[in-house]
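Q: Counting from 14, one number per residue, gives the positions in the sequence shown under my numbering.
Glycine residues also receive a C-beta, built at the ideal position from the N, C-alpha and C atoms.
Handing you this structure, nothing more for now.
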Amino acid sequence: VYALSFVQALSSTILYTRVGKILDKSGKPRALFIAKLSRVGLFASYAAAAAVAATWNIEIALVLLIAIHLLLGIAWAVIGDVQMPIAVSSCAEERKGAYAGMFNAASGLGAIAGGAFGGILAVALGFELSMLASAALVGASAAILYATVPFGKPSCV
Numbered sequence: 014v015y016a017l018s019f020v021q022a023l024s025s026t027i028l029y030t031r032v033g034k035i036l037d038k039s040g041k042p043r044a045l046f047i048a049k050l051s052r053v054g055l056f057a058s059y060a061a062a063a064a065v066a067a068t069w070n071i072e073i074a075l076v077l078l079i080a081i082h083l084l085l086g087i088a089w090a091v092i093g094d095v096q097m098p099i100a101v102s103s104c105a106e107e108r109k110g111a112y113a114g115m116f117n118a119a120s121g122l123g124a125i126a127g128g129a130f131g132g133i134l135a136v137a138l139g140f141e142l143s144m145l146a147s148a149a150l151v152g153a154s155a156a157i158l159y160a161t162v163p164f165g166k167p168s169c170v
């Protein structure tokens with residue numbers, strides 16, 4: 014799992030600098046929503062690939078898992094590039110720095126808690142079900158994003 018996480022981190026790191034140019038054309042709120050929906054499908058696919066590994070063919074499952082992690086990294090590059098500008102766009106100019114700091118702190122705590130709770134879920138429910146739980150949580154965040162961010166209006170972020 015760690016090696017696959019490295020594939021994901023590497024793909025997102027390579028794409029961070031390139032993704033901004035694409036996002037300027039497509040609109041950041043819409044791109045964030047699409048990236049989150051992509052992660053929902055990819056987490057569900059991850060559970061399916063793990064099931065294939067357990068019941069069918071480990072080599073095919075490994076290729077699927079590498080591809081899924083590459084795509085998860087691409088989606089994360091989009092999410093990482095646009096989520097803070099969207100989060101701070103509604104606050105007053107003089108508070109944007111403080112708000113960005115709070116946002117980064119909350120994101121860091123979320124990453125720590127997410128990894129810990131993901132491990133607990135994997136032990137308690139099994140790896141496949143923990144990936145489906147991840148898909149459900151990311152799906153809920155996409156629904157909140159869709160309900161709260163105006164997609165039809167030009168964005169200043």
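Can you name, in chain order, every residue of its own chain whose Cβ lies under 8 Å from the Cβ of residue 105, other than the five neighbours on each side?
A: Cβ neighbours of residue 105 beyond the five flanking positions: none.
Q: Between which two residues does the alpha helix (DSSP H) carrying residue 105 extend?
A: Where residue 105 is concerned, there is no enclosing alpha helix (DSSP H), given that its DSSP letter is neither H nor E.
Q: Quick test of the definition: if touching needs 3 or more C-beta pairs under 8 Å, does the stretch 49-66 touch the stretch 79-93?
A: Because the criterion of three Cβ pairs below 8 Å is met, the stretch 49-66 and the stretch 79-93 touch.
Q: Thinking C-beta only, is residue 144 closer than 8 Å to residue 16?
A: No; because the gap between Cβ atoms is not below 8 Å, this pair is not in contact.
Q: Straight-line CA distance for residue 82 to residue 99?
A: Distance between the alpha carbons of residue 82 and residue 99 is about 25 Å.
Q: Among 135, 58, 156 and 147, which has the Cα closest to the Cα of residue 79?
A: When only C-alpha atoms are compared, the closest one is 58.
Q: By Cβ distance below 7 Å, which residues in the same chain neighbour residue 29 in space, the five residues on each side in sequence not counted?
A: Excluding residues within five positions, the ones whose Cβ falls inside 7 Å are 90, 93 and 94.
Q: Check for me: the alpha helix (DSSP H) holding residue 117 runs from which residue to which?
A: Here the alpha helix (DSSP H) through residue 117 covers 109-138.
Q: Measuring straight from C-alpha to C-alpha, what distance separates residue 142 and residue 107?
A: Each residue's Cα considered, the two are about 44 Å apart.
Q: In whole angstroms, what is the alpha-carbon distance linking residue 73 and residue 67?
A: Distance between the alpha carbons of residue 73 and residue 67: 11 Å.
Q: Using DSSP with H/G/I as helix, E/B as strand and the rest coil, what is residue 69?
A: Residue 69: coil per DSSP, three-state reduction.
Q: Near residue 140, which residues of its chain fall below 6 Å by C-beta distance, leaving aside the five closest residues on each side in sequence?
A: Around residue 140: 63.
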